[in-house]
Each structure stands twice: as C-alpha cells, then as structure tokens.
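In the numbering used here, the protein residues as written are 16 to 447.
Below is one structure, written out as structure tokens, with a few remarks after it.
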Ligand code: AMP
C-alpha cells in the first residue's frame, strides 16, 4: 500500500528535521481564514511528529501566485491559526529555500513546528523542477506527504523532493484518505450505492465508468441527470445538458446493463422559469418553482433540483445500502428553495451512518453542501479533503504525490468482484 509515519522507528524521527507537505490552501477573505478545516485535518500528523520529538518543517501552497511573491498570499495567517490550534508558537519563515534558511532549520529544537513561505511563490514548484526540489530537500532529513488535496499534482514539493529525501512516507491524513477512498470502497459492505451529481457529465465520465462495475446502484442527480434523461428520449426543456455527451450517457447506461448495475435517474424535478435566476435574484425567496416529471419538462423551464418523488426513492435506496459514496449535489443547493434534494440525501447519509453504514463523501461541492446544512465530519464516516485528487483517485489514476512514497503499491485501486445476485437485480425485482 504505502508506508506511513507510524511505520517509522521512533529513532528515525527523534531530533530529525522532517519536511511535511501539507495542504493549507484555505479560503481567505480580506486576510482572514474563513474555513480552517484543512489546517485541522493536518493536526494528527503534526502532533504525532511533535510527540516523537521531530523538528517539523511544514510546506504548503496557497492560491495561485504563479511563481511570484503575492503579498496577500503569504502564509502568515495560516501560521497564526496553526499556533492557536496547537497551543504552541509556530515559527513562520518568509522564504522556502537558501543557505540562511537551512541554518535556521538546523537550529530548530525537538518538537518545534515551522512553516515555510507559500511554495508557489517559486516557479520551480509547479514546474516540478529537480534543482528546486534538491534545494528544498536540504532543509530536512526525511519527507512526509500529508497533502492529499495536492497529491494529484506532480510538483516539486509533492513529488520531485521525494527523490532526495529518505525515508519518504505518507502522513496520517494521506493514509486515511487512501484507506477510505481505496480499501474501504474496493471491499465494501453491500449493497454499495454511488450518488453522483453536480453540473456536468463531462467532468465525471471516467469516475462513472470506473464505478459501474464496482457498485450495485448509481443514483444520478443534479444537472448531469439531464444528459442521461435526454439520451433516453426525455424532454428536458431548458435544463442544463451536454449534447456532445449524449453518446457517453448511452455508453454508461449500456455498461451498467452489462454489469447489472442499476442506474437510477430522477423521476421528477423542481423547475424554474427559463431566465437567469442567478443574475436576477440574489435571494431565493423570489424564485418560483414548479414540480414536473423529469422527462416532460416544458420548453420554457429548467430542472434545478430533484422533486419530492425522487427524494423519496433516493432516500429509500440509501436506507437499504450499507456503503455509500457521494460526489456532487442533487440541485442548485446554493439557493434555499433548491436545496431540498441535496439536503435530503445528506441527512439520509447521516442517518445511515448512525446505524452503522459506511458513508464517504468524495470532496468538492457536496462538502460545501454539508457545511451549508451544518453537518459535521463526525456525522459521516469520511469526508475527503481533496476535490480534484479524490475524483482522480476514484477514477483509478495514479496520484504522483502518493506513488512517489516508500512502499507504494497500487493494490488499493484494485476492484473487488461484485457478488451475484447483486442488489441491482433485487432492486429491479422489487420495482416491478
Ligand atoms: P460540479 O462541480 O460538477 O460538482 O457541480 C456543482 C454545481 O452544480 C453546483 O454549484 C450546483 O449549483 C450545480 N448544479 C446542481 N444541479 C444543477 C442543475 N439541475 N442545474 C444547474 N446546475 C446544477
């Protein structure tokens, strides 16, 4: 699988300078961190290394400074927040390379925590430049990658640096993500249902194709359902649709038939008139909605959320499942009048978790939805911290920031055989 900091001998950590790649790419408004969950997610590794008397040198990117110093993207607010969370002063360095900095890291005491400057201030970072990586490696004796959210990028601090430091191992967050999105979903308790939503089919084709042979049921909601509904001959009015992916949708439907995987589409939708509600209305109470059959949406209307009948059906399937993977909202949940489908799915997941089910949320907009509904991370089995990375991992792609670590093997992405008769067959029988 992959070696982690817990596989290291305590002697390998004590008094050693450990370069830890973390994902502190937090949202900032006027220099204030609006969500610190990425910092919180890195705490277990940092605390473990502190407890083992390592000298911890954290490295992260923030935003897109594109190889230049951007004052507003310095990591000072992150260092302040991390100090508060650890209850210990964090040393903030204003650079990330150089002889002076090397000397400063050597002067660090055991269990000290330091944070380098935004690594994307350096053009060598995104270029995965080996000379830059070599310079970075001079700051430490060993390497830990705990930045799952950046593991799909082959950058100097996520990949190249690992060639110059040994051991190079995974942090606890990286390990948990791989366990949850990999082992857990490849050996799921069945029935196993994937719920995929969001705006576009095109961004989730690969993940859908990968999931079809693995899961018993795929629920498709959100805007992407309309490409499927149109592919089946439905009238979808002005709903969002990717006409150039109608064949892709048909291909996924026939693949599902081949693997006896049930694909469940909404049967009804909450629609709005064909005007740009986003521009016209700042608040959702002005938006009028009407529920229509999903395959008979009037010409001048667009489906913006799943309807009550679909909510009932989706929730029923969730309740009957033992493992759920969720990625993407069921509607334009950002507006209160259009949040119902997404909220019902989220609450059904919470309920299933409380009854012992495994619920894994694969990053991105569904995480934003959970936040909107006040659902905390301990109410679900796992909420991935990586949007793009989690999607690529689920697609079965090799993540460069993971594959470069000691002991890596791709066994986590191996699929488990689907037992027969599958849940899909039972579902089909039940619905006749
Ligand atoms: P994605 O990034 O593909 O997961 O898409 C997430 C976005 O899809 C969210 O911002 C939702 O507002 C949007 N979305 C969900 N359902 C619909 C829909 N029926 N029509 C248009 N946009 C939608």
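Ideal Cβ placement from N, Cα and C applies to all residues, glycine included.
Spatial neighbours of residue 28 in its own chain (CB-CB distance under 6 Å, excluding positions within 5 residues in sequence) are listed in chain order as 67, 69.
Leaving aside the five residues that flank residue 96 on each side, the residues in its chain whose CB is nearer than 7 Å to its CB run, in chain order, 48, 51, 54.
When secondary structure is reduced to three states using DSSP, residue 308 falls in the strand class.
Cβ neighbours of residue 364 within its own chain (closer than 7 Å, five residues either side excluded): 333, 339, 341, 374, 395. Secondary-structure assignment with DSSP links residue 285 through a beta bridge to 306, 320. The Cβ atoms of residue 139 and residue 161 do not sit closer than 7 Å to each other.
DSSP, read as helix, strand or coil, puts residue 174 in coil. Burial check for residue 388: the Cβ neighbour count within 10 Å stays below 16, so the residue is exposed.
DSSP links residue 47 through a beta bridge to 44. Under a 10 Å Cβ-count criterion, residue 259 is classified as exposed, with fewer than 16 other Cβ atoms of the shown protein chains found around its own Cβ.
The closest CA to that of residue 239, considering only 385, 355, 347, 154, is found on 347.
C-alpha of residue 94 to C-alpha of residue 112: approximately 18 Å in a straight line. Taking C-beta atoms as the reference points, residue 164 and residue 24 fail to come closer than 7 Å.
Closest in C-alpha terms to residue 221, from the list 263, 154, 251, comes 263.
Looking at the backbone, the Cα of residue 335 and that of residue 206 are separated by about 7 Å. One alpha carbon belongs to residue 121, the other to residue 105, and they sit about 16 Å apart. Straight through space, the alpha carbons of residue 288 and residue 304 are spaced by roughly 8 Å. Checking the DSSP bridge columns, you'll see residue 250 partnered with 311. Distance from the CA of residue 317 to the CA of residue 135, rounded to the nearest whole angstrom, comes to 41 Å. As the crow flies, the alpha-carbon of residue 236 is around 38 Å from that of residue 74. Distances from the alpha-carbon of residue 401 to those of 270, 57, 46 put 57 closest. Of the residues 245, 177, 412, the one whose Cα lies closest to the Cα of residue 146 is 177. Of the candidates 314, 330, 284, 174, the residue whose Cα lies closest to the Cα of residue 320 is 284. Counting along the chain, residue 89 sits inside no beta strand (DSSP E), nor does DSSP assign it H or E at all. Given a length threshold of 3 residues, each whole run of the beta strand (DSSP E) inside the region 182-229 is given here in chain order: 183-185, 207-211. Between the alpha carbons of residue 268 and residue 278 lies a gap of roughly 7 Å. Set against 6 Å, the gap from the CB of residue 377 to the closest heavy atom of the ligand AMP is not smaller. By the Cβ neighbour-count rule, residue 272 is exposed, with fewer than 16 other Cβ atoms within 10 Å of its own.
In the assembly as shown, residue 21 is an exposed residue. Its beta-carbon has fewer than 16 other beta-carbons within 10 Å. Straight-line measurement puts the Cα of residue 17 at about 31 Å from the Cα of residue 217.
For residue 347, the shortest C-beta to heavy atom distance toward the ligand AMP is below 6 Å.
Distance from the CA of residue 90 to the CA of residue 345, rounded to the nearest whole angstrom, comes to 35 Å. About 4 Å separates the CB atoms of residue 173 and residue 416; that is less than 8 Å, so the two are in contact. In its chain, beyond the 5 residues on either side, 77, 78, 80, 133 have a beta carbon closer than 7 Å to the beta carbon of residue 88.
The C-alpha of residue 193 is placed about 11 Å away from the C-alpha of residue 424. For residue 107, the three-state secondary structure derived from DSSP is strand.
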